[in-house]
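Reading through the structure tokens given below for one structure.
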Amino acid sequence: MNLATLLVRRRLSGKARSFFVISFAATLMIRLAYCAQAPVDSSDLYRHLGFTSHFWENPAAFYWLRPWQFPHEFWSQFWTGVGYIYPPLALLFFAIFGGLGVGLFWVKLALTLFDLGSSILIARATSWWAGLLVFSAPVTVWYTSHEGQYESMVTFLVVLAVLSARNGKWFWTGVSFMLALQTKQLALLIAPYFLYEIFLRRHLQSRKAVTSFFGGFLGALLPFIPFYVWRHELWLLPLQNQENILNPFYWPFFWKKGVLDHFEDISRLRLVWNEVVTTAPLIILGFFLTRGSFLRRFPQALPSMTFWIMIKSMAWVMNWYMILIPGLTLALWRHRRWMLVLLILYWLQCGQQVASYVGDDDLEEDVTVSRFQECIWCCDYRAVESTDWIKQESD
Numbered sequence: 411m412n413l414a415t416l417l418v419r420r421r422l423s424g425k426a427r428s429f430f431v432i433s434f435a436a437t438l439m440i441r442l443a444y445c446a447q448a449p450v451d452s453s454d455l456y457r458h459l460g461f462t463s464h465f466w467e468n469p470a471a472f473y474w475l476r477p478w479q480f481p482h483e484f485w486s487q488f489w490t491g492v493g494y495i496y497p498p499l500a501l502l503f504f505a506i507f508g509g510l511g512v513g514l515f516w517v518k519l520a521l522t523l524f525d526l527g528s529s530i531l532i533a534r535a536t537s538w539w540a541g542l543l544v545f546s547a548p549v550t551v552w553y554t555s556h557e558g559q560y561e562s563m564v565t566f567l568v569v570l571a572v573l574s575a576r577n578g579k580w581f582w583t584g585v586s587f588m589l590a591l592q593t594k595q596l597a598l599l600i601a602p603y604f605l606y607e608i609f610l611r612r613h614l615q616s617r618k619a620v621t622s623f624f625g626g627f628l629g630a631l632l633p634f635i636p637f638y639v640w641r642h643e644l645w646l647l648p649l650q651n652q653e654n655i656l657n658p659f660y661w662p663f664f665w666k667k668g669v670l671d672h673f674e675d676i677s678r679l680r681l682v683w684n685e686v687v688t689t690a691p692l693i694i695l696g697f698f699l700t701r702g703s704f705l706r707r708f709p710q711a712l713p714s715m716t717f718w719i720m721i722k723s724m725a726w727v728m729n730w731y732m733i734l735i736p737g738l739t740l741a742l743w744r745h746r747r748w749m750l751v752l753l754i755l756y757w758l759q760c761g762q763q764v765a766s767y768v769g770d771d772d773l774e775e776d777v778t779v780s781r782f783q784e785c786i787w788c789c790d791y792r793a794v795e796s797t798d799w800i801k802q803e804s805d
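In this text, residue positions in the sequence shown follow the working numbering: the first is 411, and each later residue adds one.
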């Protein structure tokens with residue numbers, strides 16, 4: 411089924427249909443061009459692929475490995491003392507590509523298709539404006555298609571879970587939710603919406619819904635149990651990142667000198683912009699709660715509210731965490747205008763290509779970007795490298 415057919419199903423007028431087809435197609439072309447370019451802002455994609463390419467050698471020991479154990483592989487220079495901290499489904503996703511020697515382009519293409527899938531599902535469930543805002547948002551255009559961050563995969567699974575709950579398909583809600591949790595822990599924030607649908611939605615058999623939900627939830631968990639046997643605290647590993655300090659979205663009233671010292675590579679203009687577009691959603695959600703039944707509106711707004719409070723409070727936050735917003739915002743699908751306003755603010759979130767206009771160019775070294783470019787189409791991530799790159803990096 412092609413994109414044009416999906417658009418027709420919303421019964422758009424001829425001009426509107428043409429506009430959305432052209433807009434989606436143009437955005438997709440831009441994103442495909444980005445997929446063919448080397449990441450310049452982050453080494454995460456290459457590290458994912460290099461690290462996980464060793465998973466098949468000894469799966470039980472993988473979560474105990476450290477990059478310094480592979481000193482002559484190019485990926486091991488990034489975060490040398492930090493093991494693999496991501497959940498099992500993310501690990502398996504990258505391990506397949508890394509083990510096969512698939513180039514960066516194909517991984518970024520797969521992640522871009524997750525974004526496309528999310529935007530189409532959101533468009534069909536709400537409006538095509540919402541879908542277009544999701545697919546064309548600079549933060550995901552850049553960090554998914556150019557940099558290869560994998561949050562789009564999490565968002566897609568959360569969107570599937572929300573829409574399954576909306577349609578009363580509780581078994582598949584449980585499956586999708588568990589898969590999202592095995593991709594990134596922040597997917598947990600959508601849970602209050604499921605409680606709302608089960609216990610506050612009218613004409614719903616709560617016991618049957620709960621039984622079906624947990625049937626799918628536990629069934630999807632079974633394949634991942636060995637990972638937690640091998641490393642019991644696996645799901646908590648990302649917390650070690652909070653020992654670092656970098657958060658360009660921190661609460662504005664904490665802009666004291668001691669805090670700003672940690673943001674020395676981020677311009678004041680960008681900090682102000684970030685504060686506006688990350689504080690505004692909380693204000694809007696606050697107004698939303700006053701416009702109807704608080705008991706019914708609060709569980710729908712809570713996923714987004716919790717996300718923003720966490721993002722603005724954590725010690726270590728990266729720009730690409732914002733890609734999770736559409737899945738959490740979809741909990742408000744009954745209130746499309748409010749949801750659309752929140753997605754407009756999502757579209758305004760800062761991506762690196764925007765940040766570079768105000769002088770925030772915290773980019774990878776030239777030798778690193780050159781290596782990434784060599785691996786666009788295919789790559790042996792486990793290849794033993796010469797020590798030249800080590801010398802260049804130390805210089």
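Every residue gets a Cβ at the ideal spot worked out from N, C-alpha and C, and that includes glycine. Note that the structure is predicted; figures quoted are calculated from it, not measured.
Asked	Found
Three-state secondary structure assigned by DSSP to Val450	coil
Outcome for Gln592 when other beta-carbon atoms lying within 10 angstroms are tallied against a minimum of 16	buried
Alpha helix (DSSP H) segment containing Glu784, residue limits	Asp776 to Glu784
Buried versus exposed, by CB contacts within 10 Å (16 or more), Gly508	buried
C-beta contact flag for Pro477 and Thr490 at 8 Å	yes
Sub-8 Å separation of Cys785 and Tyr456 beta-carbons	yes
contact_flag[the segment 676-686, the segment 694-712] where n(CB pairs < 8 Å) is 3 or more	no
Simplified DSSP state of Leu656, which is helix, strand or coil	strand
Buried versus exposed, by CB contacts within 10 Å (16 or more), Gln650	exposed
Exposed unless 16 or more other CB atoms sit within 10 angstroms - verdict on Lys518	buried
Where the alpha helix (DSSP H) containing Arg792 begins and where it ends	No alpha helix (DSSP H) holds Arg792; DSSP gives it neither H nor E.
Top-ranked residue by Cα proximity to His556, from Gln447, Leu531, Val512 and Thr437	Gln447
Separation of Val585 from Ser723, as counted between CA atoms	30 Å
Span of the alpha helix (DSSP H) around Arg744	Note, Arg744: premise wrong, no alpha helix (DSSP H); not H, not E.
Selected residue, minimal CA-CA separation from Ser452, among Val431, Val568, Leu570 and Met728	Met728
Asp525 vs Phe503 beta-carbon contact at 8 Å	no
Coarse secondary structure for Trp748, derived from DSSP in three states	helix
Beta-carbon spacing of Gln783, Trp726 below 8 Å	no
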